[in-house]
Every structure is written in structure tokens, then in C-alpha cells.
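Here's the structure we're looking at; comments come further down.
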Amino acid sequence: MSLVFASWNINSIRQREALVSDWLERHQPDVLCLQEIKCEEHQFPAVFAEKGYQTAIVGQKSYNGVAILSRHPMNVTHRRLPGFGHEAARYVEAEIQGIVFGNLYLPNGNSGGETGYDIKLDFFDALTHHARTMLAAERDFILLGDYNVCPTAEDHAPDALSPTDSLVRPESRAAWRRLVWSGLTDAQRVVQPQGRAFTFWDYQGMAFQRDSGLRIDHALLSPRLAERLETVQPDREERAKNQPSDHVPLIVRLQ
DNA sequence: ATGACCCCAAGCTGGGGA
């Protein structure tokens, strides 16, 4: 039996309800993790529940917000990232089919000066601690979402970012490596060790047409799940749709 | 040096995004 799940920063679920509905019809994933839903729970479209998906929504007004849609029974385990002391709606976690799905929207870090950037590193520290706790307990888990980090120079087009951008700052990349090297597997880099696998293209400057993109949406797998990995694919077609999100779904299939 | 694009809450402008 295979399991298909995806991560998608949707940049307002209310603006893109129809796009997501259409995508779900065509792909029929077991689980879809959304970020930047940009609404409160009571504003989240009802259509997904009507289609038979269970929903776990952690929202707030205007900004951030994450949600998990699941075809299977779901047990919500966290509505905030343990150890992260900020109120923003950036993490929701649920156990589905014996697997823990941690759906995260990591702070961008470019706003609010160094104080704002430190919040990004704080989130990374808390996430790494949480991952190590689950590794020690030998849980099967996936940490997926918008990490707002390009792990290496191959993960952004040469002209896509300033060298001082928080997505490529050395401290951001070091924090990423500390997390991954705790014992997790970057799914995309198993099926495609090198080269471009962008998941984001800016709205400005014809970035998609020029393929001036970033790889910032990631799925990290615990050891046993890494053994089951079949395919990983950013769904680039979605970026060519009318009024798309600036991110595309990252689709993962496990055996 | 500035704006570019898009979303949101407000309210016709500004913050945040990446």
C-alpha cells in the first residue's frame, strides 16, 4: 500500500479554494499540508470537509496559518511547535496511519531586523529539539512545509536573491544542516541528488518564465520512512495556472 | 534610487512576504 502526501504554501486559502479543490480531485492525496492559509479557523473553506477530508486548522487573522487535510482518521498531537515561544500560527502536527505529520511554516526572517531574524533561528532550534525527541523515541514522522531556506547554492537561481537574504544566510543554512544531520532525510535530494528542483517563483519580474526560482519547501523523513520513499516531485504545472500561489505543491509518495 | 507582484485589513496606504 502506498501513501501520497503533499506540502503546499497556498498564499491565502480563500483566494485559492477552487485551485486546491481541483488539485485534490486530480491527485487524490492521502494528506495535504497547507501553509499561509491567511485566515482564522472559522473562515477556512468548508468544501474540503465536504469532500471527505478531515481537517486540522491552526489559523490567525491575516497572516500565517497552517492546515492538514487527511483522507484517513487523524489525531492532532500539537497546535504549536513545542519550545517555540511565539504565538504565530506556524505549526500543526497530527498522527495519521501511524505516521506523525509536522506541518510547518518557518519564519521568513527578512522583516523585523536582527530581532526578526533571531525568531527564525529560534524556530529552527525548537524544531531540531522536537525532531531529536521523536528520533530518540523511534517514531515514524515527517517534518514538511515552507522552511524558508535554500540549503545550498543549487537551491536558488543565481539572480533570485540578494546574498544577504535570510533564506541563504550562513546561520540559516547551518540551522538546516543541524536539523537534517540529526538523522533525517531530505526527500527531494534522495531522488534527485543535484540540480534544480524549485518550489517557489516570485510573482515579480516574470520569475517563473525565467525559471528564477527557489527550493524552500521541503519534506524531511525519519529513518524508517526514508526507506519507503518512492517519488518526490514539485508540481510545477500549478505555477502556470491563473492566479496561482507563488509556491507549488511538493508531492511525496511512500511505498 | 525606485518599483516591480500579491494578499490582507483598512479604507485608497502600508506591512509582510521571499
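Residue numbering for the first sequence is 134 to 388, as defined by this note's numbering. A virtual CB, placed ideally from N, CA and C, is assigned to each residue, including glycine. Nothing here was measured: the structure is a model prediction, and the numbers come from that model.
Bridge pairing for A227: V209 and F234 [DSSP]. Linking A308 to D258 through their CA atoms gives a straight-line distance of about 7 Å.
Judged by DSSP in its simplified three-state form, D319 adopts strand.
Leaving aside the five residues that flank K194 on each side, the residues in its chain whose CB is nearer than 8 Å to its CB run, in chain order, C172 and E173. When the five nearest sequence neighbours on each side are left out, the beta carbons in the same chain lying within less than 6 Å of the beta carbon of P215 are those of H263, in order along the chain. Per the DSSP secondary-structure output, P367 pairs in a beta bridge with L383.
In the structure shown, A269 adopts helical secondary structure according to DSSP, grouped into three states.
Of the candidates D251, A359, N197 and D273, the residue whose Cα lies closest to the Cα of L300 is D251. The beta carbon of I349 lies closer than 7 Å to those of D279, Y280, N281, V282, C283, L300, T332 and F333 in the same chain, with the five residues before and after it left out. Exclusion of the five residues before and after G231 leaves D273 as the residues of its chain whose Cβ lies within less than 7 Å of its Cβ.
For a cut-off of 8 Å, the C-beta gap from E169 to N208 is around 24 Å, too long to register as a contact. A distance below 7 Å between beta-carbons, with the five flanking residues on each side excluded, links L354 to the following residues of its chain, in chain order: I275, L317, T318, A320 and L362. Contact between H289 and N144 fails: their C-beta atoms lie close to 19 Å from each other, not under 8 Å. Look at I349 here: in three-state DSSP terms it is coil, with no helix or strand label.
The secondary-structure analysis by DSSP pairs N142 across a beta bridge with Q168.
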